[in-house]
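Notes follow the structure.
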Ligand code: PGA
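Numbering (the working numbering), first residue to last: 2 to 238.
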């Protein structure tokens, strides 16, 4: 594990974007695993800037997102497809057909989960997986539980996640209660994992995840076993 300590959110975003940009330069057909949330917004802004300057080319890049809420239309402002289009995908020269987010509206969620795992496999796995961390230690929507779930699966969101995400909705009742998330296997098999975390409220969980016991009660703790994990954070951990 390599921990890159930075000064602040802005520097974290720049560093993370530079690591992603380097990946695209080395392999223009790279498969990026992407994340949503407040944390990666600065990283995406910086990637857009690098693309506009002509420093990186997304035309052959494939993106595969970690997760999506169930029951929200992709056009819903809080859906993760909408988030990705808004913050990154429609702002760079990527072919939208090569960008993937689970279909939270699929009638048969089991079939959708299988489709997503097939898609990851056919893409040859993920080259670089960008990750945030939830206050409860989740990565993607792999919530604390009694076991690590390997494949893409449907999850019931925990109170903690519903509360954290209610800030984006008019009321807590509007927050979806279920989501589809990539499982632990695709994340761990990614050739490189890039974890970003900022804000004092993430300090304790980040410490626990990186230095505490590896346990499905803290899903991000599995990253300690990753062969190439880079953590970029301004937090004193
Ligand atoms: P945040 O979410 O970036 O909005 O804090 C991170 C996460 O829940 O994975």
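Every residue, glycine too, gets a C-beta built ideally from N, C-alpha and C.
It should be emphasised that the depicted structure is a prediction, and the values quoted were computed from it without experimental measurement.
Under a 10 Å Cβ-count criterion, residue 91 is classified as exposed, with fewer than 16 other Cβ atoms of the shown protein chains found around its own Cβ. Contact between the region 12-20 and the region 36-49 is present: 3 or more CB-CB pairs across the two stretches fall below 8 Å.
Between residue 38 and residue 133, the alpha-carbon positions lie close to 8 Å from each other. The straight-line gap separating the alpha-carbon atoms of residue 150 and residue 187 is approximately 11 Å. Around residue 49, the same chain offers 89, 92, 93 as residues with beta carbons nearer than 7 Å, after the five sequence neighbours per side are excluded.
For residue 135, the shortest separation between its Cβ and any heavy atom of ligand 1 lies below 6 Å.
Looking from the CA of residue 158, the closest CA among 142, 207, 171 belongs to 142. Burial is judged here by how many other beta carbons sit within 10 angstroms of a residue's own beta carbon; residue 60 has fewer than 16 and is exposed. Setting aside the 5 residues that flank it on each side, residue 9 is surrounded in the same chain by 235, each with a C-beta closer than 7 Å to its C-beta; the list follows chain order. One alpha carbon belongs to residue 219, the other to residue 139, and they sit about 7 Å apart. Around the beta carbon of residue 115, a 10 Å sphere encloses fewer than 16 other beta carbons of the protein chains shown; the residue is thus reported as exposed.
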